[in-house]
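S.K.: Numbering-wise, the sequence shown is residues 9 to 467 according to our numbering.
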Amino acid sequence: MTLWGGRFIDKSDKLFKKFNTSLSFDYILAEEDITASISWSKILLKSNIINKKEQIKIEHALIELLQEIKNNSKNILLSNCEDIHSWVEEKLIDKIGELGKKLHTGRSRNDQITTDLKLWCKKIIHILLNNIIKLQKRLIILAESNKHVIMPGYTHLQRAQPITFSYWCLAYIEMLTRDFSRLEDVLKRLNTSPLGSGALSGTAWKIDREVLALSLGFNSATNNALDSVSDRDYVIELLSSASISMMHLSRLSEDIIFFNSGEANFIELSDAITSGSSLMPQKKNPDALELIRAKCGRVYGSLVSILVVLKSLPLSYNKDLQEDKEGLFDSIKTWNDCLCMTILVLKNIKIKYDICRQAAEEGYSNATELADYLVKKGLTFREAHHISGQIVLHAIKVQKPLHALKLSTFHIYSNLIENDIYQNITLESCLEKRISKGGVAPHQVDKEIIKVKKRLYVF
Ligand code: ARG
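(1) For the candidate residues Y180, S258, H68 and L222, whose alpha-carbon lies nearest to that of L107?
(2) Note down, one range per segment and in chain order, each alpha helix (DSSP H) of at least 4 residues found wholly within the stretch 270-352.
(3) Just to check, is the beta-carbon of R117 closer than 7 Å to a non-hydrogen atom of the ligand ARG?
(4) If N423 sits next to L415, beta carbons under 8 Å apart, how far is it from one beta carbon to the other, in whole angstroms?
(5) Given the structure, does Q366 come close to the ligand ARG, in the sense that its CB is under 7 Å from one of the ligand's heavy atoms?
(6) Where do the ends of the beta strand (DSSP E) carrying K358 lie?
(7) Could you check how far apart the C-beta atoms of T123 and L203 are, in whole angstroms? I think they sit under 8 Å.
(8) Quick check: the Cα distance between I244 and Y308, rounded to an integer number of angstroms?
(9) Taking only heavy atoms of the ligand ARG into account, decide whether any of them is closer than 7 Å to the Cβ of D91.
(10) The ligand ARG and K78: does any heavy atom of the ligand fall closer than 7 Å to the residue's C-beta?
(11) Short check: CB of W95 to CB of I104, under 8 Å?
(12) Is L70 near the ligand ARG, with its Cβ less than 7 Å from a heavy atom?
(13) Please report the distance separating the alpha-carbon of L3 from that of S313.
(14) Can you name the start and end residues of the beta strand (DSSP E) that Q166 belongs to?
(15) Under the DSSP definition of a beta bridge, which residues are partnered with S228?
(16) Using the three-state DSSP reduction, which class does G108 fall into: helix, strand or coil?
(17) Give the single residue among A207, T211 and W213 whose Cα lies nearest to the Cα of S515.
(18) Using only alpha-carbon positions, find the residue among K384, I359 and V406 that is nearest to L370.
(19) Closest to Q166 by C-alpha separation, out of R301, E298, F266 and R390, would be which residue?
(20) How is Y162 classed by DSSP in three states: helix, strand or coil?
(21) Measuring CB to CB, does Y361 end up less than 8 Å from V157?
(22) Start and end of the alpha helix (DSSP H) containing Y430?
(23) How far does the alpha helix (DSSP H) with I425 in it extend, from its first residue to its last?
(24) Look up P450 in the DSSP assignment and say whether it is helix, strand or coil.
(25) In chain order, what residues of the same chain have a beta carbon less than 7 Å from the beta carbon of M349, not counting five sequence neighbours either side?
(26) If you follow the alpha helix (DSSP H) that L439 is in, where does it begin and where does it stop?
(27) Please classify T172 as buried or exposed, where buried requires at least 16 neighbouring CB atoms within 10 angstroms.
(28) If K145 sits next to L198, beta carbons under 8 Å apart, how far is it from one beta carbon to the other, in whole angstroms?
(29) For L323, which residues from the same chain have a beta carbon less than 7 Å from its beta carbon, with the 5 sequence-adjacent residues on both sides left out?
(30) At a threshold of 7 Å, does D239 count as lining the ligand ARG (C-beta to nearest heavy atom)?
(31) Alpha carbon to alpha carbon, how far is H134 from L246? Give it in angstroms, no decimals.
(32) Shorter than 7 Å, the distance from the beta carbon of K333 to the closest heavy atom of the ligand ARG, or not?
(33) Just to confirm my understanding: we take N356, look at its own chain, exclude 5 residues before and 5 after, and list those with CB closer than 7 Å. What are they?
(34) Compute every distance between the C-beta of D34 and the non-hydrogen atoms of the ligand ARG, then say whether any falls below 7 Å.
(35) Less than 7 Å between C-beta atoms, sequence neighbours within five positions excluded: which residues of the same chain meet that for G210?
(36) By a C-beta neighbour count over all protein chains shown, 10 Å radius and 16 as the cutoff for buried, is F27 buried or exposed?
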């Protein structure tokens, strides 16, 4: 039986029925739908719409149903119900007969679906927050064990100034900290219960929506039913958090792909997370990272899609809103998989200390130090920059790093340069000087690591 049988004479067209159904994807909300239904039955009892015996019977049947689907939720897909709400109702009626038909009193699928979806988002946000922390913990382990690894830092993909591998790890920890706090923000705003909003203008039954909200773990009930049934801001916020975080993961992946390339050769990825070529026996490809880099696209796609679905959508509920789910479910799974995969990749990298250091030495990444040295000797920075540039040009011509140039060569460009230049342009000296907050100096990095660890190990 359809949910609206009375008003209709003819049967739905098969094609329409198939087009209209959402069970194939909203079945994953079964647990939430049952949880919300149990709370709803309790509020119906409180409001004397059903009696105690009836409520207990409904609750027991729903708990039983929950157990059944916990074992195999895919069974739901065998049904030809329109959506998860009608499926739960149908199964309830199968179990307890006519009484099951009382549960929908005062409720609409419009407030049900957004309640279910909010409950699902809350559950999933906690999993995501946990995995962000796990990834940060993995990065901090890498940071701690690679403080001594000096490598070139890049701008424009050109060797710019020396950094350490630890420092690189800390940069991604920062991004993930912002991802974490963005998710916490989403959680804060979505934590209100739409249940009891009815179809669009509230429920005509005397129902304490605040008690209902608290029983479902929400902070409070929503304020306006018209808004509540059509609000999907939380989906947009969650997808935009997912998009930003996926962008971070894609950048991390790209960095590692580059570090792993034959050209950079700074790290080696283990066999566990790479694949070979069917044709070229020498290949070991960073597939996991390339996939993370690419999967960012589908998450952006879902964000754009839901933004467009909601644009100009008139109040209040419209079936358009059914399109909120597939993109969200897919993107959240993708994001979570990518967080887990990034953790695995970072467990499986070996850093080649010597090659990293050599690359830092070769790229004239200490040219800024030379300019700063000349400033200390009294030149303006512009003059110092110009002279350093000339010296770098010379060094490139003779194919030598700066520290291999003789003092007499430095003198061609400036007599201010003395023997102490050599200790000033070592890689270590480049690092140590950047002592101000956020700088690469080992002392700063140590302080940051301690700070981050304190925060992470609270969880
Ligand atoms: N499957 C629907 C959705 O996802 C549930 C709500 C249906 N409401 C309605 N008035 N047709 O949005």
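Glycine included, C-beta positions come from ideal geometry on N, C-alpha and C.
M.R.: Considering the structure as presented:
(1) H68
(2) 295-318
(3) yes
(4) Wrong, their Cβ atoms sit about 10 Å apart, outside the cutoff.
(5) In this structure, the ligand ARG has no non-hydrogen atom nearer than 7 Å to the beta-carbon of Q366.
(6) I357 to I359
(7) Contact flag correct, Cβ pair sits at about 4 Å.
(8) 11 Å
(9) Between the ligand ARG and D91, a heavy atom-to-CB distance of less than 7 Å is present.
(10) no
(11) The answer is no: Cβ separation not under 8 Å.
(12) no
(13) For residue 3 there is no data in the structure shown, the boundaries of the chain being 9 and 467.
(14) Q166 to T172
(15) Its beta-bridge partners are T200.
(16) helix
(17) Look at the range of the chain in this structure, 9 to 467, and you will see that residue 515 is not part of it.
(18) Sequence inspection shows Glu at residue 370; the Leu mentioned does not correspond to that position. Looking at the Cα atoms, V406 is the closest of the given residues.
(19) F266
(20) strand
(21) yes
(22) Looking at the DSSP string, the run of the alpha helix (DSSP H) that includes Y430 is I429 to N432.
(23) Counting along the chain, I425 falls outside any alpha helix (DSSP H), and DSSP gives it neither H nor E.
(24) helix
(25) A296 and I300
(26) Per DSSP, L439 belongs to the alpha helix (DSSP H) from L435 to K441.
(27) buried
(28) About 26 Å separates the beta carbons of K145 and L198, which is beyond the 8 Å limit, so they are not a contact pair.
(29) Closer than 7 Å at the Cβ level, and outside the excluded window around L323, lie L234 and S238.
(30) Relative to the ligand ARG, even the nearest heavy atom lies 7 Å or more away from the CB of D239.
(31) 12 Å
(32) yes
(33) If we look at N356 and ignore the five residues flanking it on each side, its Cβ neighbours are L277, S278, A280 and I281.
(34) yes
(35) So the qualifying residues of the chain are A233.
(36) exposed
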